[in-house]
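Structure first, commentary second.
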Amino acid sequence: MHALLGENGAGKSTLMNVLLGLVRPDGGALQVAGESIDWRRWSPAEAARRGVGMVHQHSSLVPAMNAVENLCFGGVEGPWLFSPEAERVRVAALAERFGLGVPLDRPVDDLSPGERQRAEILRALARGARLLVLDEPTSVLTPGESEHLFASLRRMRDEGRAVIFISHKLDEVEAIADRVTVLRRGVSVATRDARGTDARELGRLMLGADLPPLERSAARRFGPVRLGIRGLSAPGSSEAGRLRAIELAVRGGEVVGVAGIDGNGQRELEEVLAGVRAPSSGRIEVDGRSVSPDVRSLRAAGLAHLSGDRERAGLVPGFTLAENLVLKGSYDDSRFFPRGVLDLAAARAAARRVAERYAIRPPDPDLDIRSLSGGNAQKLAVARELEGEPAALVAVNPTRGLDVGSARFVHSQLLAVAAAGSAVLLVSTELEEVLSLADRVVALVRGGIVPVPEGSDAAAIGAILLGRSAA
Amino acid sequence: MSERLLRVTLSAAGRAGLAALIGVGVVACVLAVLGYEPGPALAALVSGSMGSGAAWTATALKATPLLFTGLAVTIAFRCGVWNIGAEGQLLFGALCATAVATRIAPGAPGLALVPGLALAAAAGGALLGAIAGVLKARRGVSEVISTILLNFVAIQLVALAVQGPLQESAGAYPKSDPFPPAAMLPAWGRVHLGLGVALASAFAAYALVFRSAFGFRVRAVGLSARAARFAGISPERTALAALALSGALAGLAGGVEVSGVTGQLFQGLSPGTGYTAIAVALLARLHPIAVIPAAFFFGALEAGAGAMQRAAGVPAVATQIVQAVVILVSVGLAFGRRAAPELDPELVGEGPS
């Protein structure tokens, strides 16, 4: 049982995608079960034939089909015809053998995330996986379910199968891994025997010891409340994501961190505060005034929004740097859209200025934003959102997918905008991020705000996040 | 920027030329298989589209409605809206123009009548486009389905009109009265004002798409509707406006056709112009200026196909096969070489930046 440990963006997923034949490497060699692999013939189908199975973070099952149907279909060397009854027996036996109980007759869509994940593991096993790769499997699980998963994985190991377990959680790795490899910024920095190491050493390897601490002024005073969220409720894309009477107040100069496990309402909260999801009740107040919950009103009131979902919520892929910089002004920004005409020269000049100030590489205003790295693209979004000193900033997973250096840049900008007097609401599924930046932490659990006692450490907050979601 | 424009235009012309070359090879084979001498047939195709002043005139006349509809499709596609209904919008525009010219104001002076019928044509096309747009915005009906279905509606409306309210006074044939002279577009020989308007429309469309706030929103929605929504742009309203504008341009094609070329409305007015327009737009890679050479290319093909039919005795059906072959080749070229297949980001996960 081998754990692959690293921060977001360290290259864990990329490495595994190479192993699975989804990404072709530039060079290097791969051996599977002692045999060297020819990259030209390496594909997902070939990987599956050689016994490499993957359990993705996001379900890749067909939602409308039940577990048995999902397992028989798309088999690597499946027969032309199959008997659903026989398949059902086979799947049930497999589930029994590894303790992976899954309701077999309900559409996968109706299953819980944990059950879906078990179905996915079963599918890999049914296809004859000798090497099972799990990408951050516990991120969708309750603590009980995680224990259960670990037990199943141990059974697989004891049968002689290999398991690669991708994670960025140190305690999990300590709990189940036999060996650990740490990745940092695309380089494997160390491989250790799990018994001979500890969380502290792994943490140091993972983060790199040489990072300077974030600068923040010691004595900060908070101003009046600049962002108020009053009794905000909204429909959710899942039951757990439905927002339930959220109450939050963020003062000027303050960073309030909202910790939580993905799927507990982060997306819904982001969308409501960005103005694209209509709340069912409650108010959003900026500088004490109630604001209509639509994009343009919120923005006009001074509420900025920085999203980690850059490709879909922050930037328009296919637009240039200059166009993305002026993206939010197409209705009312007379600097770039005087009388409904796009002033491309002004947009380009502004993009050049921003590129220089924030060291965006390459600093070409006419370049498609997609040709920039995630870190550089996010710098442009930061520049756009922080321009003109917003009253409040909502940052949701603002460093998702960024390398360490870019993430630190974003963090320092969040602290800087708070120091300049804005209210910052940081919603993040990265507990470390919340703890290192926030002046005050609350938890978002099943769409509701749960207070976190002052001075709580990561373990205590983790218990709060998990305690409720297990219920 | 003008250098860039020139490049875009030339590359569209280049692709058209390449499509023609590949097409000629395939066409020669098709003709041979059908039992015709490829040599004389191809010679007729070329000389009938570019061989003389008259041939160029024929090409320009065929290119005019393709320009309007090609621009119509371009603007909609830029917004991520698949307007397959340019054909129906063209026909309905022609119907509205005919109603103005032969029923509502046949006695009006030309200076009022021509703009009036053009306006009616554009409004008719826009209405059809807007219907699809409203269905999409309000009910989530795919515009692909609704615009195709509206094509059938428009075809039947024309059939109904020329046998009913708009039928010629003689009542003999299912066609409208001929337009009064004042309703005809000013013309020089057979080339009419519509060509100039179409060319000007290409430049206007360019300015609209790339230099206006509206065009900016259209492109933003086309590239990422979700990201556009987060930027305060309503994808629904923008798509509705783009569809209406697209319909207006296609409707104008119909109005120009009846008041510039045929002088009356009848069934089968359009030889599938609204569908060929999709190939025009794709060959131009959705660039309004590049639509000009693309439209002329397909105009030449249509003119040449007619000549091939007359001069080399190739039946109409065979010439349609020839056109279809060239369209397929050029659309294949329009997309260029496919890069490595895009991986599903959900599946691949967050890579390092």
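Chains H and G, in that order, give the protein sequences. Sequential numbering from 130 applies to the first sequence in the numbering used here. Sequential numbering from 823 applies to the second sequence in the numbering used here. We treat Cβ as the ideally placed atom computed from N, Cα and C, and that holds for glycine. Source: prediction; values computed, not measured.
Would you please verify whether the beta carbon of residue i is less than 9 Å from any beta carbon of chain H?
i	result
G:R1107	no
G:I1055	yes
G:L1067	no
G:F1038	yes
G:L1062	no
G:E825	no
G:F914	no
G:A1103	no
G:R1041	yes
G:R829	no
G:S1046	yes
G:S833	no
G:R1051	yes
Report the three-state DSSP secondary structure of residue i (helix, strand or coil).
i	result
H:E376	strand
H:R406	coil
G:Q1145	helix
G:L1100	Checking the displayed sequence, the identity of residue 1100 of chain G turns out to be Ile instead of Leu. Helix, per DSSP.
H:N453	helix
H:T310	strand
H:L134	strand
H:T320	strand
H:K298	coil
G:S998	strand
G:E1172	For G:E1172, the predicted structure reports a pLDDT of 35, less than 50, and the residue's modelled location is therefore unreliable. A value from the coordinates is still provided. Residue state, collapsed to three classes: coil.
G:E909	helix
G:A877	helix
H:I593	helix
H:R569	strand
H:Q507	helix
H:S419	strand
H:V205	Its pLDDT being 46, under 50, H:V205 is placed unreliably by the model, and the measurement read from it follows with that caveat. DSSP places H:V205 in coil when its eight states are reduced to three.
H:R529	coil
H:I578	strand
H:S502	coil
G:A903	Position check: residue 903 of chain G holds Val in this sequence, whereas Ala was assumed. Three-state result, G:V903: coil.
H:H185	coil
H:V523	strand
Would you say residue i lies against chain G (beta-carbon separation less than 9 Å)?
i	result
H:E452	yes
H:A403	yes
H:F466	yes
H:R441	yes
H:F448	yes
H:S317	no
H:V237	no
H:L372	no
H:K457	yes
H:V311	no
Classify residue i as buried or exposed, calling it buried when 16 or more other Cβ atoms lie within 10 Å of its own Cβ.
i	result
G:G1171	In this predicted model, G:G1171 has a pLDDT of only 36, less than 50, meaning its place in the structure is not dependable enough to derive any value.
H:S463	exposed
H:H187	exposed
G:Y858	buried
H:Q160	exposed
G:Q978	exposed
G:Y1028	buried
If you draw a straight line from the C-alpha of residue i to the C-alpha of residue j, how long is it?
i	j	result
H:G360	H:S419	13 Å
H:E249	H:A224	11 Å
G:A841	H:L263	48 Å
G:E1168	G:M1130	Legend: pLDDT at G:E1168 = 36, less than 50; position of this residue unreliable, value from coordinates given subsequently. Taking the straight line joining both Cα atoms gives about 53 Å.
H:V309	H:S409	47 Å
H:G273	H:E368	20 Å
G:L1007	G:L1015	6 Å
H:V533	H:P242	30 Å
G:L912	G:A1146	21 Å
Mind listing which residues of the stretch 960-990 of chain G have their C-beta closer than 9 Å to chain H's C-betas, in chain order?
none
The stretch 1012-1036 of chain G: which residues have C-beta closer than 8 Å to a C-beta of chain H, in chain order?
F1032, R1033, S1034, A1035, F1036
Can you pull out the residues from the stretch 417-431 of chain H whose beta carbon lies closer than 7 Å to at least one beta carbon of chain G?
V424, R425, R428
For the stretch 872-906 of chain G, enumerate the residues whose C-beta is nearer than 9 Å to any C-beta of chain H, in chain order.
none
What residues in the stretch 465-487 of chain H bring their beta carbon closer than 8 Å to a beta carbon of chain G?
F466, G469, V470, L471, L473
Contact residues within the stretch 506-537 of chain H, judged by C-beta distance below 7 Å to chain G
R529, G530, L531, D532, S535
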